[in-house]
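Residue numbers (our numbering): 21 to 676.
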């Protein structure tokens with residue numbers, strides 16, 4: 021059992037824990053949760069021995085082997101990747117010592133004295149340790165772990181210094197998993213993983229027989245891996261048996277019961293106070309009054325915690341765009357000699373909520389920059405539809421803030437017309453409260469700047485949001501609020517995110533970038549995962565068939581892709597026929613509405629109303645325009661019904 025006993029600790033002047041006690045059974049898988057600033061990362065560092073608490077003790081069972089993954093990147097020695105993993109696991113040093121001993125044994129084998137016997141004993145001990153660490157299978161195991169985390173087979177020979185920061189975090193994770201730990205302390209292990217790597221890690225951890233304590237904002241991860249949730253709140257810790265979903269339900273039940281008790285207590289206090297006020301000055305009731313006063317003084321008041329109440333976010337009203345919001349036609353993007361993708365074509369329609377997904381390096385962020393018009397394609401065309409007001413968020417958006425302003429000033433320099441109270445509520449939802457809102461942008465952390473940039477974008481009047489990893493610096497509550505706001509948002513959303521729970525409750529369409537092509541899935545994220553699993557199973561069956569029959573199935577694969585392309589093209593051609601009528605009709609509606617507004621402005625002019633003949637003439641035209649608009653809108657609704665019908669027809673053919 022791991023035990024934390026009477027832990028008290030401060031971060032600066034802020035008290036994080038007060039006599040915190042926590043017992044963790046070996047073999048448990050625990051999710052450590054809590055608001056930002058509650059001390060989750062600090063508690064992991066205390067467990068790891070990197071920070072000494074102000075008061076209290078920590079005990080681990082004997083023979084504990086701890087693997088710790090910090091949230092921030094640590095320095096990695098610049099040597100070949102497989103060599104680095106061997107060194108971190110202790111395999112490298114054992115192999116070197118074994119080689120030296122084996123050479124010495126060969127040299128002293130003739131006399132076989134005490135030195136020889138000592139060498140043999142040491143050799144046996146090292147061989148035992150080597151076997152325990154999986155030394156004989158280590159290279160095969162390392163390649164398996166690296167593949168699971170998204171590395172190519174040839175990456176094993178590359179120097180670690182060649183990899184980016186995100187890939188170095190994966191290297192650190194691989195080193196920890198391969199070090200034969202029986203206790204894992206993981207701080208945001210999924211931060212730099214794509215979906216496929218996350219799924220592999222979940223599978224690895226589900227088979228891990230040791231103890232796991234992990235901090236994560238990924239609900240799906242916590243639900244799948246954890247058997248209990250430990251919540252840091254009010255300088256102490258509360259443990260809930262069950263996964264994250266069960267924790268939320270149980271916590272809600274406890275809070276509801278606490279509120280019921282608090283209401284009952286308030287009612288009792290009001291009755292007692294009424295009695296005291298009524299009979300305070302009557303001598304015959306003096307004893308009873310004093311008795312009730314003492315009872316109130318001794319009463320333990322049940323307090324309700326309002327600090328974690330969710331604040332809603334509501335975007336400004338979106339101006340209405342045309343039906344076709346974005347068109348991508350035969351796009352290719354090259355960087356030097358490297359082609360990221362080619363022949364990419366798709367259309368986005370008003371109101372769609374779309375996820376862009378794919379493994380790291382597939383081109384999600386590149387595509388988001390192209391469709392936001394931040395970059396130009398090498399070939400092809402990206403165009404926006406009628407009346408589209410676009411907003412784009414990426415990890416670079418924080419650079420566009422005015423660093424000399426405070427947070428409050430920066431938010432006030434948007435088109436948002438809400439009251440100061442509403443602005444404070446929005447800032448609170450994005451984890452800025454109290455005097456924090458008067459901090460200068462220049463002193464904020466990278467994550468805080470990103471939150472300000474995201475909130476600033478959301479307060480602008482847009483009808484198309486393109487968001488590249490917007491949830492990276494949001495806690496769980498803020499993610500929930502943000503997801504609900506995007507669901508209610510009247511415009512169109514295209515989002516890149518690795519948060520599977522967030523996407524599953526938001527998107528209605530998934531576009532996967534894979535091997536330089538796109539694959540379109542009409543449905544939520546779970547539907548995409550289901551279809552992807554079917555595809556992967558089909559691929560496994562094909563590979564098994566190849567091995568068994570030694571027959572190439574390349575032609576079958578081409579035929580499958582050709583049929584899929586034909587089905588996608590069928591939808592595109594049928595819709596294009598209708599769109600030829602729809603676009604001119606929307607232009608007619610726009611011009612007719614403008615003329616109607618001009619006439620209504622004239623009818624509001626007292627000078628114009630004095631000329632009765634002109635008024636009569638303009639009223640005739642006004643009635644004609646209203647009739648025209650009514651006719652146009654019926655035609656528009658008919659065309660929209662045709663588009664819906666075509667989409668349903670093709671979907672039925674695709675799924676059959």
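Cβ coordinates follow ideal geometry from the N, Cα and C atoms, glycine included.
Whether residue i touches residue j by CB criterion (8 angstroms)
i, j, result
"residue 545", "residue 527", "yes"
"residue 52", "residue 234", "yes"
"residue 191", "residue 384", "no"
"residue 259", "residue 250", "yes"
"residue 208", "residue 91", "yes"
"residue 482", "residue 409", "yes"
"residue 400", "residue 337", "no"
"residue 204", "residue 165", "no"
"residue 663", "residue 609", "no"
"residue 178", "residue 100", "yes"
"residue 155", "residue 111", "yes"
"residue 457", "residue 469", "no"
"residue 170", "residue 216", "yes"
"residue 476", "residue 537", "no"
"residue 89", "residue 62", "no"
"residue 98", "residue 180", "yes"
"residue 277", "residue 244", "no"
"residue 60", "residue 252", "yes"
"residue 105", "residue 162", "yes"
Alpha-carbon spacing of residue i relative to residue j, whole angstroms
i, j, result
"residue 558", "residue 549", "14 angstroms"
"residue 160", "residue 530", "35 angstroms"
"residue 512", "residue 372", "5 angstroms"
"residue 187", "residue 414", "19 angstroms"
"residue 505", "residue 485", "12 angstroms"
"residue 379", "residue 184", "15 angstroms"
"residue 41", "residue 398", "60 angstroms"
"residue 689", "residue 295", "Residue 689 lies beyond the range of the chain shown here (21 to 676); nothing can be said about it."
"residue 494", "residue 450", "7 angstroms"
"residue 520", "residue 467", "21 angstroms"
"residue 403", "residue 395", "13 angstroms"
"residue 72", "residue 28", "10 angstroms"
"residue 49", "residue 256", "20 angstroms"
"residue 341", "residue 369", "9 angstroms"
"residue 344", "residue 230", "53 angstroms"
"residue 45", "residue 355", "52 angstroms"
"residue 612", "residue 407", "16 angstroms"
"residue 297", "residue 314", "14 angstroms"
"residue 652", "residue 627", "32 angstroms"
"residue 150", "residue 555", "40 angstroms"
"residue 270", "residue 74", "32 angstroms"
"residue 517", "residue 349", "24 angstroms"
"residue 425", "residue 459", "8 angstroms"
"residue 630", "residue 619", "15 angstroms"
"residue 515", "residue 199", "37 angstroms"
"residue 439", "residue 474", "19 angstroms"
"residue 213", "residue 333", "29 angstroms"
Outcome for residue i when other beta-carbon atoms lying within 10 angstroms are tallied against a minimum of 16
i, result
"residue 246", "buried"
"residue 31", "exposed"
"residue 640", "exposed"
"residue 374", "buried"
"residue 120", "exposed"
"residue 650", "exposed"
"residue 93", "exposed"
"residue 227", "exposed"
"residue 636", "exposed"
"residue 665", "exposed"
"residue 21", "exposed"
"residue 152", "exposed"
"residue 254", "exposed"
Chain B contact for residue i (CB, 8 angstroms cutoff)
i, result
"residue 121", "Among the chains in the structure shown there is no chain B, since it carries only a single protein chain."
Strand pairing of residue i, partner residues [DSSP]
i, result
"residue 542", "529"
"residue 248", "50 and 261"
"residue 512", "484"
"residue 24", "42 and 78"
"residue 234", "51 and 206"
"residue 267", "None; residue 267 has no bridge partner."
Item checked: Every unbroken beta strand (DSSP E) within the segment 60 to 120, with a cutoff of 3 residues, ordered by chain -> 75 to 79 and 86 to 89
Item checked: Sequence ranges, alpha helix (DSSP H) only - wholly within the segment 311 to 395, length at least 4 -> 384 to 391
Next item on the list: Let me know the alpha helix (DSSP H) ranges lying completely inside the segment 422 to 502, each 4 residues or longer, listed in chain order.
Entry: 427 to 432, 440 to 449 and 466 to 478
Notebook entry, point to check: Quick one: complete alpha helix (DSSP H) runs, 4+ long, within the segment 141 to 220?
Noted result: 158 to 168 and 185 to 197
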